[in-house]
Amino acid sequence: MKLGHIQKAGLLIQAVGLAAASNPDDAQVPLSSRKCLPQLEYVPTLGIYRCFDDTAGLRALDGVSFKSKHNNVQSCAGVCGRAGYTLVGIKHNRSKECICGDLLNIEAFRVAGTMGGCESDEAGAKCEVRRVNCNDEDAIEVYDILNPLTVDKAPANLPDCSRDPLCSTDVCDESLSDRDRAAALVSCLTIWEKLDNLVNEAPGVPRLGVPPYEWWSEGLHGVASSPGTRFAPEGNFSYATSFPQPIVLGSAFDDELARAVGEVVSKETRAFGNAGRSGLDLYTPNINAFKDPRWGRGQETPGEDTLHLQNYVSAMLTGLEGSGASSSKKSLLATCKHYAANDFEHYENVDRSGFDAQISTQDLSEYYLPPFKTCAVEKKIASFMCSYNGVNGTPLCANAYLLETVLRRHWGWDGDGRYVSTDCGCVALMVSHHRYAPDLGHAAAWSMRAGTDLECNASPGSEALQSAWSQSLVSEAHVDRALTRLYTALVSVGLFDSGRADPLRSLGWADVDAQEARKLAYRAAVQGAVLLKNDGILPLPKEAKQKYALVGPWGNYFGPAPYLLSPYRAAQDLGIEFTYTLGSKIKSSDDSFEEAMASAKNADTIIFMGGVDNTLEAETLDRKTLAWPQPQLELLRALSALGKPIVVLQFGGGQVDDTELLANASINAVLWAGYPGQSGGKAIIDIIFGAAAPAGRLSVTQYPASYNEAVPSTDMNLRPGPGNSGLGRTYRWYTGETPVPFGFGLHYTTFDVGLVVRGKQQLDRTDQAVHLGGSHDVSGTPNWHHVLTKPVITMAVSATNTGETTSDYVALVFIRSDVGPEPKPLKTLVGYTRLRDIKPGATAAQDIVITIERLDVFVFGSGENCELGLGPKHTEAPRPRLNRLLDADTVGVVQIAVGGMHCAALTHDGKVLTWGVNDDGALGRAKSSSDDQQAEEDEDEETPLGSFESTPAPVALDEDLEIIQVAATNSACFALSADGKVYGWGSFAGGDGNFGFLHEKPPKTTERLPVPIPGLRDVKQLAGGSNHILALTNDGNVLAWGSGEQNELGRRVMERRRFESLVPRRVGLPKNKTVKIFAGSHHSFAIDTAGKVWAFGLNNFGQCGMPTRVDTGFTTVISPAVVKSLRGWSIKHIGCGLHHSIACTEDGDVLVWGRCDDGQMGMPLDDISNDDIILDFRNRPRVLNVPTVVPEPILSQPA
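All letters in the sequence shown, in the order written, are residues 3 to 1201 by the working numbering.
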């Protein structure tokens, strides 16, 4: 783009302000007055019309583009002409894309459109005489603009806050907070304008002068082609620095390198943005762990270890966004993706788009979530992207537990301008693949209410969002919350600022592909290379008498780069004598096989370049094998039979099984290069010829090819178990032989390495961990995070170079422990450092600090949320431990109810004690002055937990009340008195978080102290589920209230009247016939006077005892129905879980049914009839459809 083009882009906003004709839905909202320049008046005059083929590979008109459903020829011409452009193009696709420019692509094919012929073109565009409809997806209408405005230089592609109509809104008032500015803008919009801007192709608000904005931009290893980033066909802004893929950066184990790369990507993105070619956000980085070696996108991540991922993403985000919380403005809006547990594309007949990952709480908290926790807690990143898959039954983009409870509440990521984007297409996939939502409207509504703000792969007029609104599934408050988060984020990066004092606004083409960036791309490729084998042949000599044969189909992955230095080019530049022959394609043979053999025979040394590339591993494409591609292996075998020295350069993101190469004495060296980017060829040739020294280490485990058949991609368990053939996953748990282990890497020199503890160990016992009091510090960081990051041991690592080659050295520090139950991790990475440029005879040293979190002192969910009730000094109980605060002699507990993260106990004298998390008032008691004093003492004594929540204490109930039962839901407690009244406190939760507690109060009101539940009397039993409660009356009737989203109330709850579910209503069971009630997470049972068992609620795994089916799925039992499968049994008691149920009979038999794929049934299933079992895609038992007796020998085995 010429300089004039960049200047013109700055006036797009003025044109957009008048571009679209007034939409009847977009009534003008009165604006506050401010001294502003008047709105520009301009009417374009159009000249010659032409029609061109226009595809992603060949664009007819290059320039600045924008999308809006309101675009038409005249409005687009108004935008472009007002900005000074002489040409306007419009594509009649779904997004109505307009393009402003000055030059036609002479390579483009001009065609005969329906409005005219195909005459010669003075610009030189090729003319093809064929008539097409210019409204086609791959066509574009182009017009001359005869009266473009001549403009002075202006900031590019930014709203114009100096001129009306935008100037008169408070979004332009830089004295206000970011959120207030965003809220002011949102308040001016109609509901239809709001909905239109909750998609990645946001059209802006033409009548207010808010420009369109495309959120979908990529920057994984440099500025990349994407819907939001447009490269020029040639010249300025036709390329950007293309770094190695993150898997290569990860193998460097150099956090400073990751930070520097992030900084360059951020700067070049801002330069593209200033030229109107990119937005101010990026869908990067990808920080899912590379757990499965077949994963096609593993190349996008730094490796398989969580500590490594956490450190890498912390450094990368510092580069991308700036200093984060300590800075009032971010440089860029980065996105941590894909949240969470997204690590395969397609396995057998299971696709990521509908995969439900079954993950234990321990694996989730120890492995799958920590990198995202770093994004949220430490770096306070701008955005998260929820992933395609589900976790434990709920698609991620509708998963309120992970998006609200964990992300925003527990991690404290609830600041202004922090938003969640769906992965692109997730909303529709909730209907088509997950079969979770009945239609697009419900999918969009459930996503928004669960905490998702932006729908990716969507255009203005999104069917999903429009349907959600038209069905009253979301409120305008939900919409405002989401849109305010988005606009607050854009305000935070200066989109609506004047920019006079912002140096980021001055970045331009001169800041792209800078010399420092080129050096950094080369350095990254060198540092990430890993030497896997070397019998002393490397480095190779460069003498003229040596002849080399380069053979093989080397692979690389790069974006639109300024150049691509291949090994061939690098060998030429080095001046060695060599030949190059393909010999084999990546995954198929080639006719040049014999030619390659001939050139190898005439060479002194063979350099083979092969491995895998993006035809075998990529997004939507997982590898089918871990072995070397057979054609390459056959070529390698033939070459090794020649008896010549062979050096193998191995490319690709995922590892291939090198067992044969490592054992073959004719193959003298193997160097893994990954995808090394624009300077990769030079970096690798420099290494093998000694101009650079290798020091990288594998950041993943290289598995044998047999792993592919032994471990399915869909098994999410880390520890050895039946699902992974007892092998386990990652270096921490894998029990098999590895061709090359995690952390392996050779050097050209030798090192004498030392490791000593510096100073005194700072913690000896877990109870020395200090809780800092309160919940968050002044920056909003949860105080428990400060506890987890406290130093325990500081170790000094030193490396003395005892060889003859200057080299880096990467030190990895692992721990191994015998503490805890089996199986134990084989080892755990707790620290690392890269010592640079150690000359022969020199020593380099660096401290490595090991923190509490790295030692796994706290186990998530064990006791750090006070749910153990052991008091402020104890945060875990590895084995059953006596709680002396509930001593039998002094307290006398007779019943305990367990909620989500809290507990309630009933004592022998009718008192109620509670402990645990009190965020939603679940403890039913308020702090007193003595509690405040105790909190100060806790702080002085440096206790890890607060006494108020961690110590069982009485609920503030009337002393005269005699309580006979307690019940608990996820965030509430209930107490039944001897006179049949029910008292409760806390709140229920729905799909969008806090649901409320009493219908008489405003929605989402939390009751922090006990209140009587209206309308209940003569109750004799309570039963609590996750978010619903049942009450059985003395006359044999059952009432239910709470959240009824899964029909757990035994009645259909209409969305528009959903808060009425807080009113206890009678369940449709036989009147006056019920004698017992039982509640599971989302399903319930009742036993009547005749001994019949009734069920209602969620039945997706047959947990209600109603046989489900694979094809249709009998997912819910809306109204109570008799459980026919329990006829003939005299049921005494029923225990209900999330997806399975257990019943005990009067005769002492135990029956089980429901989900059975993780040992829930407590017995082998081999002898059960196939008619009673539903199998998963691997023919393993998934659902036990019929209540089945657990054999007595199993029940009688000692615990």
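Quick reminder that beta carbons are idealized off the backbone N, C-alpha and C, glycines included. Computed from a predicted structure; not experimentally measured.
In three-state DSSP terms, what is Trp1203? Missing from the structure shown is residue 1203; the chain here goes from 3 to 1201 and no further.
On the criterion of 16 or more Cβ atoms from any shown chain inside 10 Å, does Ser328 qualify as buried, or is it exposed? For Ser328, the predicted model reports a pLDDT of 36, less than 50, meaning its position is unreliable and no value from the coordinates is stated.
Host beta strand (DSSP E) of Gln967 (start-end): According to the DSSP assignment, Gln967 belongs to the beta strand (DSSP E) that extends over Ile965 to Ala970.
So Asp283 and Ser219 are supposed to be a Cβ contact under 8 Å. How far apart are they, rounded? That pair is a contact at about 6 Å.
Along the chain, where does the beta strand (DSSP E) containing Arg487 start, and where does it finish? Not the beta strand (DSSP E): Arg487 falls in the alpha helix (DSSP H), residues Glu478 to Ser494.
Quick check on the DSSP output: the beta strand (DSSP E) that includes Ala907 runs from which residue to which? His904 to Thr909
To the nearest angstrom, how far is it from the Cα of Gly538 to the Cα of Ala531? 17 Å
Can you tell me which of Lys1022, Pro1014, Asn972 and Tyr570 puts its alpha carbon nearest to the alpha carbon of His1030? Asn972
Indicate whether Arg272 and Phe498 have their beta-carbon atoms separated by less than 8 Å. no
Evaluate Pro1206 with the Cβ neighbour count: other Cβ atoms within 10 Å of its Cβ, from every protein chain shown; 16 or more gives buried, anything less gives exposed. In the structure displayed, the chain extends from 3 to 1201; residue 1206 sits before or after that span and is not available.
Just to check my reading of the structure: Gly745 and Leu814 have Cβ atoms closer than 8 Å, yes? What is that Cβ distance to the nearest angstrom? 5 Å
Tell me whether Glu306 sits in a helix, a strand or coil according to DSSP, three-state version. coil
Our contact map puts Asn135 next to Cys100 with C-beta atoms below 8 Å; I'd like the distance itself, whole angstroms only. Incorrect: roughly 19 Å between the Cβ atoms, too far for contact.
What separation, rounded to the nearest whole angstrom, lies between the Cα atoms of Glu1047 and Ala1088? 20 Å
Indicate whether the contact test is met: 3 or more Cβ pairs, each with one atom in the segment 206 to 218 and one in the segment 167 to 180, closer than 8 Å. Yes: the two stretches touch, three or more of their Cβ pairs being nearer than 8 Å.
Using the three-state DSSP reduction, which class does Thr231 fall into: helix, strand or coil? strand
Span of the alpha helix (DSSP H) around Tyr599: Note on identity: in this sequence residue 599 is Met, with Tyr being the wrong assignment. From DSSP, the alpha helix (DSSP H) with Met599 extends over Phe595 to Lys603.
If you count every other CB in all the chains shown that lies within 10 Å of the CB of Val1202, and 16 or more means buried, which is it? The structure shown does not extend to residue 1202, since the chain is modelled only from 3 through 1201, so no value can be given for it.
Exposed unless 16 or more other CB atoms sit within 10 angstroms - verdict on Arg52: buried
Return the chain-ordered ranges of every beta strand (DSSP E) run that is complete within the segment 377 to 444 and spans a minimum of 3 residues. 385 to 388 and 421 to 424
Does DSSP put Asp353 in a helix, a strand or coil? DSSP places Asp353 in strand when its eight states are reduced to three.
Just the C-alpha distance for Gly49 and Glu109, rounded to the nearest angstrom, thanks. 22 Å
Using DSSP's beta-bridge definition, name the partner residues of Asn803. Phe753
Any contact of the segment 472 to 483 with the segment 230 to 248, i.e. 3+ C-beta pairs under 8 Å? Between the segment 472 to 483 and the segment 230 to 248, the count of Cβ pairs shorter than 8 Å is below three; the stretches do not touch.
Pull up the DSSP beta-bridge partners for Ile669, would you. DSSP links Ile669 through a beta bridge to Ile648.
Terminal residues of the alpha helix (DSSP H) in which Phe521 lies: In the sequence as presented, Phe is not what sits at residue 521; that position holds Lys. Where Lys521 is concerned, the enclosing alpha helix (DSSP H) stretches over Gln517 to Gly530.
Is the separation between the beta-carbon of Asp425 and that of Ser464 shorter than 8 Å? no
The beta strand (DSSP E) spanning Pro633 covers which residue range? Premise fails: Pro633 lies in the alpha helix (DSSP H), Gln632 to Ser642, not in any beta strand (DSSP E).
Quick check for students: name the residue ranges of the alpha helix (DSSP H) that lie wholly in the segment 652 to 732, counting only runs of 4 or more. 661 to 665, 682 to 690 and 709 to 712
From the DSSP output, read off the bridge partner residues of Arg927. Assignment of beta-bridge partners to Arg927 by DSSP yields no partner.
For Ala977 and Asn726, what's the separation of their Cα atoms in angstroms? 45 Å
Simplified DSSP state of Arg1054, which is helix, strand or coil: coil
How big is the Cα-Cα spacing for Pro543 and Ile817? Straight-line spacing of the CA atoms in Pro543 and Ile817 works out to 41 Å.
Expressed to the nearest angstrom, what Euclidean distance is found between the alpha-carbon atoms of Pro32 and Gly656? Its pLDDT being 38, under 50, Pro32 is placed unreliably in this model, and the coordinates cannot settle the point.
Cutting at 6 Å between CB atoms, please list the residues of its own chain near Leu148, excluding the five before and the five after it. Around Leu148: Thr47 and Gly49.
Are Asp1178 and Asp1159 touching if we call contact CB-CB under 8 Å? yes
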